[in-house]
Every structure is written in structure tokens, then in C-alpha cells.
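A short write-up of the structure that comes next.
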Amino acid sequence: MSQAKPLISVIMPCYNSAHIIGKTIANLYQQTFKNFELIVVDDGSTDNSLEVLQVITTLYQNIKIISQQNKGPGPARNRGLKAASGKFIAFLDSDDSWHPEFLAKLHHILEEKPDCVLAYCGWQNIGLSAEQCQPYIPPDYEGNDKFAVLLRSCPWPIHAALTRKLAIDQVGGFNEHWLTAEDFDMWIRIAMFANIVRAPEVLAYYHHQQGEQISSNRLRAILNHWGVQKGLLRDFPVISLTLGKAKTNLLTKGQLLQRAYEFYWKNDLPSAHHLFRKTLGLGYFGMNDLKYILPSLLPLTLYLALIKKIRR
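What the sequence shown shows, in the UniProt record's numbering, is residues 1 to 312, in sequence order.
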């Protein structure tokens, strides 16, 4: 890679990844598209990640290493964006991987479609049960009901897209207020009102290292997801005007109620208690929901005791 200014900047946050980041970077440099730089932001690792990265810089070209105090993945990616010189941006976490043709194929699509700001592809989970690791190719979001589909959930993982840097700059990068769902917030702000294009094949791989998240993290992720939706609807009233009140509520408040029931039947009662209370405050429920929602008005300890008694 002899160009002074790489065409693509790959941004990789790193936190305590000494055991895996060498393999990840070696895999990255198997890309058939060679005109890229790698920017690794060590986010205050407490292991020897930084020392491992210093050795890696002697093995590959066009690597920038940035070190900062621990701030989380959103701030780390923003720090990488400030250092990026590429016209296009791709994000790759320190334990995930791409097909060797990932950059080549997505870049080709964007070159062929200059009116599109982002190209996305299919992905596959690695490390979960067989039924959870089936290859997945997302729909063509430029088809019908784009507002609804994008408002409902994050359309692709952080590493399953190639984006024009100008589009990321226009939305201000990642909102550092969010500890989770920051990628959902950025993607939908980019994609909702601009043309995007799909590569209908699996080119990204999500490696699960530690299994399921603990319950408190799932609850936080759900609440942050709701917060991102609220912010989007506040900033862009045209979305709810286009979808209508009933459909907008179903995609936002309705999701909170659905998650509350999921927690309830999985016996995660503290999380169910929290979400039932929130849906009650939002006024989004039907008469049949009240027998599940009204007990959540009790303090948590009394709620737990009551539900256990009812179930017995």
C-alpha cells in the first residue's frame, strides 16, 4: 500500500484484546482490496494490548495506534474518525472478522452508485448455538416502509457496512451519551434520509466470545434503544407523520411492552418490573395488560413476593 492517502479507513477500538487482536488484524490484512489504513484506538486496556499492538505495527503497513483513557466504544470510534484520512469508513471490532472480499465488494458498489452514502451486507454469528448462527442477509431497506423498518431496530452490526466519511461527519459521528445503541443512533440518522445499497451476501462475521449478555446489560440496551428512538422522532417529526401515531407507537412503546413480557416469562422479574412501570407511565397498554402491569406499582421487593405467590 504505497498511496500517501488511503481510500478506506478501518477503525478498530481495542479494550483488553491482547489475546485476540493479533489474529483479527492478520485476518484483516487478507483483504483483496489493499488501499486501506487501520486505526486502532486502545481504549485504556489494562492488559498488554498496547504492547501487542506496537509489535503488530512492525508486521503490517498503514497502521496508526492511538491510546486513550477508557471511555467506551463510541468515544474510541470517534477518536479514530478524527484521525481517519480515508474517503470511506469501515468499523471492525477487535474480535470480529470479514470475508476477504468485504472491502472490495462494498467499495465497488459505492463507486457504482455515487448517490448512495452507505453499503451494507449480510452477516453470520459465530460461537452461539447452531440455530443462532445461520447466515443472515438483511432486506433491501430502500424497498417499502423504510422508515418503519429502520425505526424498529438497528439494521446491521457495526462491522457490516462501508460508509462515506462525509455522511458520518454530517451526523456528528457517534453520540457519546449512549453507552449502548450508539451505532443504532448513527446508522439510522445516516440511512433514514439518504440512499443506501445492499450487498446481498454474507461478508461479515460476529464472533461471540462470552455468550449471552447478563440481564442488567440487556435491560440497559433496551432502554437506550428506546432513548435513541425518542431522539430520532423528536429531531425528525416527519417520521411519525409519515408512519402515523398508531404505527409509531407500536414500533417504539410497543417494543418496550413486548420486552417487559419477555422478561416476565423468562423470570427476570426485576427487569419486567422496570419495563411494566415504564409502559404504564407512557400509557401504552390494553385492558388485558393491566393484570401484569398494575402489580409493578408495588415496590420491587413486594412485587417479587406477589408474583412468586401468584405463580405458586
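The C-beta atom is built at its ideal place from N, Cα and C for all residues, glycine as well.
Remember, it's a predicted structure, so these values are computed and weren't measured experimentally.
Handout entry: N-terminal and C-terminal residue of the alpha helix (DSSP H) that Y261 is part of
Key = In the sequence shown, the residue the question calls residue 261 occupies position 261. Taken as a continuous stretch (DSSP letters only), the alpha helix (DSSP H) holding Y261 covers 253-265.
Problem - Whole-angstrom distance between K309 and G74, CA atom to CA atom - result: Position 74 of the sequence shown, counted from the first residue, corresponds to residue 74. Position 309 of the sequence shown, counted from the first residue, corresponds to residue 309. C-alpha separation (whole angstroms): 43 Å.
Handout entry: Segment limits, alpha helix (DSSP H) that includes Q68
Key = Residue mapping note: residue 68 aligns to position 68 of the sequence shown, counting from 1. It is not in any alpha helix (DSSP H) - Q68 instead sits in the beta strand (DSSP E) that spans 63-68.
Problem - Residues bridged to F36 [DSSP beta-bridge criterion] - result: In the sequence shown, counting from the first residue as 1, residue 36 sits at position 36. Bridge partners of F36: I8.
Handout entry: CA nearest to the CA of Y292, picked from L282, A260, D268
Key = Indexing the sequence shown from 1 puts residue 292 at position 292. Minimum Cα distance to Y292 is reached at A260.
Problem - Exposure of W226, with buried meaning 16 or more beta-carbon neighbours within 10 Å - result: Reading the sequence shown from its first residue, position 226 is the one you call residue 226. Label assigned to W226: buried.
Problem - heavy atom of the ligand FAD below 8 Å from L7 C-beta - result: No copy of the ligand FAD appears in this structure; indeed no ligand is present at all.
Exercise for the section: Give the straight-line distance between the Cα atoms of V149 and R198, rounded to the nearest whole angstrom. Expected result: Taking the first residue of the sequence shown as position 1, residue 149 is located at position 149. Taking the first residue of the sequence shown as position 1, residue 198 is located at position 198. Straight-line Cα distance between these residues: approximately 15 Å.
Handout entry: Three or more C-beta pairs below 8 Å linking the region 54-65 and the region 121-132
Key = no
Handout entry: Test: D43 CB closer than 9 Å to a CB of chain B
Key = In the displayed structure, chain B is absent; only one protein chain is listed.
Exercise for the section: Could you tell me whether the region 293-302 touches the region 270-281, using the rule of 3 or more Cβ pairs below 8 Å? Expected result: yes
Problem - Bridge-paired residues (DSSP) for R311 - result: Stepping through the sequence shown from its first residue, residue 311 is reached at position 311. Note: R311 sits in no beta bridge, so no partner.
Problem - V55 burial status per 10 Å Cβ neighbour count (16 or more: buried) - result: Translated into the one-based positions of the sequence shown, residue 55 becomes position 55. Label assigned to V55: exposed.
Exercise for the section: Tell me, to the nearest whole angstrom, how far the beta carbon of I63 is from that of G80; I am working on the premise that it is less than 8 Å. Expected result: Position 63 of the sequence shown, counted from the first residue, corresponds to residue 63. Position 80 of the sequence shown, counted from the first residue, corresponds to residue 80. Contact flag wrong, Cβ pair sits at about 12 Å.
Problem - Backbone secondary structure at D115 - three-state DSSP - result: Counting from 1 along the sequence shown, the entry for residue 115 is found at position 115. Three-state DSSP puts D115 in coil, outside helix and strand.
Problem - Whole-angstrom distance between L233 and S240, CA atom to CA atom - result: The count along the sequence shown starts at 1 and reaches residue 240 at position 240. The count along the sequence shown starts at 1 and reaches residue 233 at position 233. Near 7 Å, if we compare the C-alpha coordinates of L233 and S240.
Exercise for the section: Enumerate, from N- to C-terminal direction, the unbroken alpha helix (DSSP H) stretches of 4 or more residues contained entirely within the region 136-211. Expected result: 146-152, 165-171, 182-191
Handout entry: Length of the line joining the Cα atoms of L300 and V171
Key = In the sequence shown, residue 300 corresponds to position 300, counting from 1. In the sequence shown, residue 171 corresponds to position 171, counting from 1. Those two C-alpha atoms are separated by around 40 Å.
Practice task
Answer yes or no: do N70 and D47 have a C-beta to C-beta separation smaller than 9 Å?
Solution key: Within the sequence shown, residue 70 is the residue found at index 70, counting from 1. Within the sequence shown, residue 47 is the residue found at index 47, counting from 1. No, the Cβ-Cβ distance between N70 and D47 is not below 9 Å.
Handout entry: Selected residue, minimal CA-CA separation from D95, among L151, I158, Q258
Key = Your numbering for residue 95 matches position 95 in the sequence shown. Of the candidates L151, I158, Q258, the one whose C-alpha sits nearest the C-alpha of D95 is I158.
Practice task
Drop a sphere of 10 angstroms on the beta-carbon of T32, count the other beta-carbons inside from all chains shown, and report buried for 16 or more, exposed for fewer.
Solution key: Working through the sequence shown from its first residue, we reach residue 32 at position 32. So T32 ends up on the exposed side.
Handout entry: Classification of E182 by the beta-carbon crowding that lies within 10 angstroms, buried from 16 upward
Key = Your numbering for residue 182 matches position 182 in the sequence shown. That one is buried.
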